[in-house]
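Participant:
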Amino acid sequence: MENNQKTPILRAQNVEIKFDLRGKILTAVRGASIELYEGETLAIVGESGSGKSVFTKSFIGMLDKNGKVTGGQVFFRDEDMMKYTTEAEWLKVRGKRIAMVFQDPMTSLNPVRTIGEQIAEVIIWHFKVSHAEAKKETIEILKKVGIPNAETRYHQYPHEFSGGMRQRVVIAAAIACRPEIMICDEPTTALDVTVQAQIIQLIRDLQKELNMSVIYITHDLGVVANVAEKVAVMYAGQIVECGTVHEIFHEPVHPYTKALLRSLPQLGIRGHELYSIKGTPPNLFKEIKGDAFAPRNPDAMDIDFEEEPPVFQVSPTHYAKTWLLHPYAKEYAAQIQERDRKRSEEAAAKPVDAFDYSNAEKLLEIKNLSVSFKARGGKFKAVDNVSFDIYKGETLSLVGESGSGKTTIGRAIMRIYDKVEGDIFFDGEKITGKQTKQKMKELHMKMQMFFQDPMASLNERAKVDYIISEGLHNYHLFDHEKGRKEKVANIMREVGLSPDFASRFPHEFSGGQRQRIGIARSLVMEPEFVVADEPISALDVSIRAQIINLLNRLRQERDLTYLFIAHDLSVVRFISDRIAVITKGKIVELADCDELFAHPLHPYTKALLSAIPYPDPDVAGRNELLTYDPSMHDYDVDGPVWEEIVPGHYILGNQKELDGYRRELGL
Amino acid sequence: MSQQNEKKITLDPVKFRAAVFDHMRSEDTGYSNYSYWKSTFRTFFKSKAVCALVILICGIILMSFLYPVFSDVDPTKRSLIFMDWNQKPSETHWFGTDQLGRDIWARAWYGARNSFLLGFCIALSDVGIGMIVGALWGYNRKMDPVMIELYNVMTNIPSTVYLVLLAYIMNTSFLTLFISMASRGWIVEARFFRNRILSIRDSEYNIASKCLGTSMWKIVTKNIIPHIISLIIMEAALCIPYSIGSEVFLGFVGVGMPVDAITLGNIVNQGRASFTQHPYQMLLPAAILCIITIAFYIIGNKFADASDPRNHV
């Protein structure tokens, strides 16, 4: 295929992996091929269920018990590893020559042994050295992965490390044997954005320093642009396109890759509909005919439904599996390209007015809100004296890392907690404290919430019909049974689900469909205000755009006001009018969306902005990564105040800091 | 543009034009074939031994309740003829007769029926009361100190002392036995259910119901109980052999049912008196008892395993 002098260090050919799942055969990987060269970083991108994780696990013989490689070869330095039969053969490769870093650092570390011992053990096992030598080596490695005070931390247990530090320890254990290949399986998915940026940086540095080859598995295109040299896009168990990071991001040829990139909210223009991939990923229990992506591709050709496309070479480093590259399709492909180009030009030409705050009414006022929880005898303040307003018709985003208290604010507004301090006013009326039944009913109808996890937010034992009409039943919002059914059918159609689905159970739906059921459940109450608690962060990239478009459409049609809770600043930029940044229970900055991105003032906001992985290899890694240390504030003498520094731009700081911020703005 | 592994099939250029986009087709996934109950029962009945035990238990229960229909042997009919006493197992008396000439086979089935009745009643009250109290307990933090004390007191008194005392104070009867056993078991179940409910009380789907204004009663009955129903079944299944065993024990120490009542406890107890001469009088009814209790335990535990979604592979 390739006329290159270099030979690949790892070469997988037509690997097929099948799982026996409750008596049914699931083909997770359907003939995937890949080549990894020495010293390069290859990212495998795909949605959940695309088989990316399973595919790489087969390189080290770590498939689950019910899974089996049923075809293909994996050559590691010209040795076919699929011929291995015993665990002993695998152990010679696994950990020593090919190491793996998993998503959740806590599951890869033993909680009852010190981290130093765990790494030293690996070294002793593989290199048969003395304990003292191994210890010395371990401390070296811990230093290398950026753990300060390595000598003391050697004797500490995993629970004494933060999430990011733990992942560094796992990486240290992985590189302890100087592997030739390091496979990172979503190593930063469980981490906060700022920590993620540091880990990516670390992996990049280590790769260069140790001259390893790295396979980086992720679903996040932003991370890919930051970390990879080569990218393989996986869909329904096949590598559909592979090329250098610039080729994939700038000249994608496979319709799936194109659609994936176009549906990224980071690259969208606010106020316009985001390009969205229709439908849901295919069911791998069924046999797939032709191109797996064809049913979701509005531009699919007849041939796509009949024959599986072969691999077409675009450039020496770039190939894709799509019929669009066939000579017969030349004319059609050119047509599509021309049309897409026109569309994007049209979209760019149509500017959208920003939200007009000059005569906006306040819908919700939050004054000095604090929420505390009892924790181990003491009190833990999850939300600490927070005040802000939400205007009718706007989308206010609340952005923060895990544990910042953003969800707690959302739930406090929904009156989930019995006791909160401070006041919340809705439409001028106080809604905290005891309310009459009539008032509660009104509030339940006017305020609703969307949830994060589509798997956990639906009652598994109830039919969709019951789930959606739960609120209708509670307040008898229908005259007769027929009216209720009609309401359910209408709302299902509105969120893009067939009303026939009403008699099914939630487990029969995919994540995106379940999220839409959850949205329908809230919308059927016809609320004015919705708390959207990270409604897209648990969804696959190809589904996100659907939900974002749905939320935007509903907002326009129903005149909704959103409080949008998120951890990802880049996604929020596409949908919000104003953004509030929250950390450790305190809102530190609140401003207009564009203003915040143009003039971030608070050091935490700056750190957050610098850490966003931007899905463009030309932009990625250009910004310097900033870190935020709360101890930089000197609030002992001069306490912080919540100040409107310029109209609409609020910030938390003491007088000295505020003067500094004013200087920064040139005031 | 080079082409790799060119197919042998001839490609029709006409096929290379836009196909009709079918919205429904793109949504068609049938994402999961997973259904909780289906998977639970498939896992449960996967083992042949479990199937056999379930059939066996069903057979024994049916037999014990239908025995009076099949047979007209009176289990209380004593015989004054010396020859009828202490007979060895034979064609007419499968399990032999006791020292009063009563047919042990018939007595065993009547006894099993009473034991089952007792077991079912206890299981119903323990699990029923336990579930209601557990639900209240799980939702009401204020009950914690009182309930935990009560739990500690009740579970730390050895159950035998407690059972013997209660049975001693009241007259021996089915009701006494039921009260003495049921007054204690519920709190263990209540605590078990409380812990389970606590773990799912704050999951997102319950918060969603709260946001929709669903009443607590409805959340418990519609959201929580359907999620722990398999645990309820399992607990009930394990309660039955425990109460049958307790009854036998109480009969054994002489504070169980009245002597003339036919229960497995009384039969075993009476057989014990003549165990040295006629061991079969105790061993055969005891064998039926063992089969019932062991089968129930195995079924209960296997069901517990099967109802755990982690085992649904």
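Protein chains in written order, with my numbering: chain Y, 21 to 687; chain C, 157 to 469. For every residue, glycine included, the Cβ atom is placed at its ideal position computed from N, Cα and C.
What are the boundary residues of the alpha helix (DSSP H) that residue 229/C is part of?
Facilitator: Where residue 229/C is concerned, there is no enclosing alpha helix (DSSP H), given that its DSSP letter is neither H nor E.
Participant: Have a look at the DSSP bridge pairing and note the partners of residue 292/C.
Facilitator: In DSSP, residue 292/C forms no bridge with anything.
Participant: Run the CB neighbour count on residue 169/C, radius 10 Å, all protein chains shown included, and call it buried at 16 or more, exposed below.
Facilitator: Classification for residue 169/C: exposed.
Participant: Give a yes or no on whether the minimum CB-CB distance between residue 296/C and chain Y is below 8 Å.
Facilitator: So, not an interface residue.
Participant: With a cut-off of 8 Å, does the C-beta of residue 674/Y fall near any C-beta of chain C?
Facilitator: Judged by the 8 Å Cβ criterion, residue 674/Y is not in contact with chain C.
Participant: Shortest alpha-carbon distance to residue 191/C belongs to which of 538/Y, 103/Y, 526/Y, 223/Y?
Facilitator: Nearest option by C-alpha distance: 526/Y.
Participant: Taking beta-carbon pairs under 8 Å, can you tell me which members of the stretch 351-375 of chain C lie near chain Y?
Facilitator: Under the 8 Å Cβ criterion, the stretch 351-375 of chain C contributes 359, 360, 361, 363, 364, 365, 366, 367, 368, 369, 370, 371, 374.
Participant: For the stretch 308-323 of chain Y, enumerate the residues whose C-beta is nearer than 9 Å to any C-beta of chain C, in chain order.
Facilitator: Listed by position along the chain: 314, 315, 316, 317, 318, 319, 320, 321, 322, 323.
Participant: Looking at C-beta atoms only, is the number of pairs between the stretch 119-132 of chain Y and the stretch 204-212 of chain Y that lie closer than 8 Å three or more?
Facilitator: The answer is yes - the stretch 204-212 of chain Y touches the stretch 119-132 of chain Y, with three or more Cβ pairs under 8 Å.
Participant: Applying the 10 Å Cβ sphere with the 16-neighbour rule, what's the burial state of residue 155/Y?
Facilitator: That one is buried.
Participant: Got a sec, what are the start and stop residues for the alpha helix (DSSP H) residue 469/Y sits in?
Facilitator: Residue 469/Y -> not in any alpha helix (DSSP H); beta strand (DSSP E) instead, spanning 467-470.
Participant: Along the stretch 215-227 of chain C, what residues have a CB closer than 9 Å to any CB found in chain Y?
Facilitator: Correct list: empty, as no residue qualifies.
Participant: Thinking just about the alpha-carbon of each residue, which of 355/C, 342/C, 243/C, 402/C is nearest to the one in residue 384/C?
Facilitator: Of the listed residues, the one whose Cα sits closest to residue 384/C is 355/C.
Participant: In this structure, what does DSSP give as the bridge partners for residue 393/Y?
Facilitator: Bridge partners of residue 393/Y: 400/Y.
Participant: Of the residues 88/Y, 90/Y, 616/Y, which one's Cα is nearest the Cα of residue 669/Y?
Facilitator: Ranking the options by Cα distance to residue 669/Y, first place goes to 616/Y.
Participant: DSSP beta-bridge partners for residue 415/Y?
Facilitator: 582/Y.
Participant: Output the residue ranges of the alpha helix (DSSP H) runs that lie fully inside the stretch 90-154 of chain Y and measure 4 residues or longer, sorted by chain position.
Facilitator: With a minimum length of 4 residues, the continuous alpha helix (DSSP H) runs that stay inside the stretch 90-154 of chain Y are 107-113, 125-128, 135-147.
Participant: Just tell me which of 171/C, 176/C, 445/C has its CA closest to the CA of residue 315/Y.
Facilitator: Considering only alpha carbons, the answer is 176/C.
Participant: Please go through the same chain and pick out, in chain order, the residues whose beta-carbon is closer than 8 Å to the beta-carbon of residue 249/C, but skip the five residues on each side of it.
Facilitator: Closer than 8 Å at Cβ, skipping near neighbours: 243, 259, 260, 261.
Participant: Near residue 173/C, which residues of its chain fall below 6 Å by C-beta distance, leaving aside the five closest residues on each side in sequence?
Facilitator: Nothing listed; no residue qualifies.
Participant: Compute the Euclidean distance between the alpha carbons of residue 661/Y and residue 677/Y, then round it to the nearest angstrom.
Facilitator: In a straight line, the C-alpha of residue 661/Y is about 10 Å away from that of residue 677/Y.
Participant: In its own chain, which residues sit with a C-beta less than 7 Å from the C-beta of residue 230/Y, not counting the 5 before and 5 after it?
Facilitator: Taken in chain order, the residues that qualify are 195, 198.
Participant: Once you ignore the five residues that flank residue 91/Y on each side, which residues in its own chain have a CB closer than 8 Å to its CB?
Facilitator: Same-chain partners within the cutoff: 34, 35, 36, 51.
Participant: Identify the continuous beta strand (DSSP E) that holds residue 48/Y and give its terminal residues.
Facilitator: Here the beta strand (DSSP E) through residue 48/Y covers 44-56.
Participant: If we ignore side chains and look at the alpha-carbon of each, how far apart do residue 362/Y and residue 349/Y end up?
Facilitator: The straight-line gap from Cα to Cα measures roughly 20 Å.
Participant: Tell me whether the stretch 456-467 of chain Y and the stretch 491-500 of chain Y touch, counting them as touching only if at least three CB pairs, one residue from each stretch, are closer than 8 Å.
Facilitator: In short, these stretches touch, since the Cβ pair count reaches three.
Participant: Is any beta-carbon of chain C found at less than 8 Å from that of residue 471/Y?
Facilitator: It does; some Cβ of chain C falls within 8 Å.
Participant: Between residue 198/Y and chain C, is any beta-carbon pair separated by less than 8 Å?
Facilitator: Output row for residue 198/Y: interface = no.
Participant: Identify every run of the alpha helix (DSSP H) within the stretch 386-440 of chain C, keeping only runs that are complete inside it and at least 4 residues long; order them along the chain.
Facilitator: The qualifying runs are 420-429.
Participant: What residues of chain C sit near residue 480/Y, judged by a beta carbon separation below 9 Å?
Facilitator: Result: 192, 361, 382, 383.
Participant: Going straight from the alpha carbon of residue 267/Y to that of residue 338/Y, what length do you get?
Facilitator: So the alpha carbons of these two residues sit roughly 7 Å apart.
Participant: Would you say residue 570/Y and residue 503/Y are within 8 Å of each other, going by their C-beta atoms?
Facilitator: The answer is no: Cβ separation not under 8 Å.
Participant: Note the first and the last residue of the continuous beta strand (DSSP E) segment covering residue 267/Y.
Facilitator: Run containing residue 267/Y: none in the beta strand (DSSP E); it sits in the alpha helix (DSSP H), 265-270.
Participant: Do the stretch 96-110 of chain Y and the stretch 280-288 of chain Y make contact, defined as three or more Cβ pairs closer than 8 Å?
Facilitator: Short answer: they don't touch.
Participant: What does DSSP give as the partner residues of residue 669/Y in its beta bridges?
Facilitator: DSSP, once it has assigned bridges, lists 666/Y as partnering residue 669/Y.
Participant: Which same chain residues end up closer than 8 Å to residue 213/C when comparing Cβ atoms and leaving out the 5 residues on each side of it in sequence?
Facilitator: If we look at residue 213/C and ignore the five residues flanking it on each side, its Cβ neighbours are 448, 451, 452, 455.
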